[in-house]
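One structure below.
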Amino acid sequence: MSIAASREKFRRFLSQKGLRVTNQRLAIFDAAFGRKEHFTAEQLLDYARAIDDSVSRATVYRTLPIMTESALLREVDIGSGEKFYLPIAGNNTQVAQVVCIDCDKIFEISAPFMEWYGSTVSSKLGLTPVSQRLQVSAHCDEYRRTGSCPRRG
């Protein structure tokens, strides 16, 4: 899905929820979809304020759940107490996350088997899957060899 199509989906979703399409919400959308790597709510606030300095922290924190509910953003919890977000590219919702313990970098890889697996194990119990995730924590081989992680920012 293109950014323009995602933006229109966001506008429609807001309207369906009885919420106004505001310049601040659109700045948050633009800031999120301008990212190629995972970001936190606080980082998104900074990115959105670079677009529209009137964006408030409260609006960012209220908009993030709307964007995840509308399947525009993926929320990632790596157990650090802070949630990360990433725009959902195309229709690929079946991804596995690999988290580097050494640099806290999150990698996402396509995992088409997850839909089959979730359906198979759920149906054995008479259930229908709603969501699922696969997350792997890993050490950086380079860090273990040299003591330095090339991805550490």
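So our numbering is basically just the index in the sequence shown, starting at one, shifted up by 6. Heads up, the beta-carbon is just placed ideally off N, CA and C, and yes, glycines get one too. Here the structure is a predicted model, which is why all the values come from computation and not from measurement.
Let me make sure I understand the geometry here. Which of the options has the alpha-carbon closest to that of residue i?
i, options, result
"residue 89", "112, 77 and 102", "112"
"residue 73", "125, 25, 151 and 114", "25"
"residue 125", "92, 146, 86 and 135", "135"
"residue 58", "153, 37 and 122", "37"
"residue 16", "60, 83, 93 and 139", "93"
"residue 45", "23, 82, 120 and 62", "82"
"residue 60", "78, 140, 129 and 29", "29"
"residue 75", "42, 23 and 118", "23"
"residue 80", "43, 121 and 63", "43"
"residue 18", "123, 77 and 86", "77"
What three-state label does DSSP hand residue i in the structure shown?
i, result
"residue 114", "strand"
"residue 64", "helix"
"residue 81", "strand"
"residue 15", "helix"
"residue 93", "strand"
"residue 103", "strand"
"residue 133", "coil"
"residue 27", "coil"
"residue 76", "coil"
Excluding sequence positions up to five away, which residues of its chain have a Cβ less than 8 Å from the Cβ of residue i?
i, result
"residue 144", "104, 105, 106 and 107"
So, at 6 Å on beta carbons, what are the nonlocal neighbours of residue i in its own chain, with the 5 sequence-adjacent residues on each side left out?
i, result
"residue 114", "101 and 103"
"residue 9", "39"
"residue 84", "105"
For chain B, find out if any of its Cβ atoms is closer than 8 Å to the Cβ of residue i; answer yes or no.
i, result
"residue 86", "Absence of chain B from the displayed structure is noted, only one protein chain being present."
Report all residues from its chain with a CB closer than 7 Å to the CB of residue i; omit the five preceding and five following residues, and keep chain order.
i, result
"residue 147", "none"
"residue 121", "100"
Determine contact between the stretch 104 to 121 and the stretch 65 to 74, defined as no fewer than three beta-carbon pairs at a distance below 8 Å. no
Tell me, please, whether the stretch 51 to 61 touches the stretch 17 to 37 by the rule of three or more beta-carbon pairs shorter than 8 Å. yes
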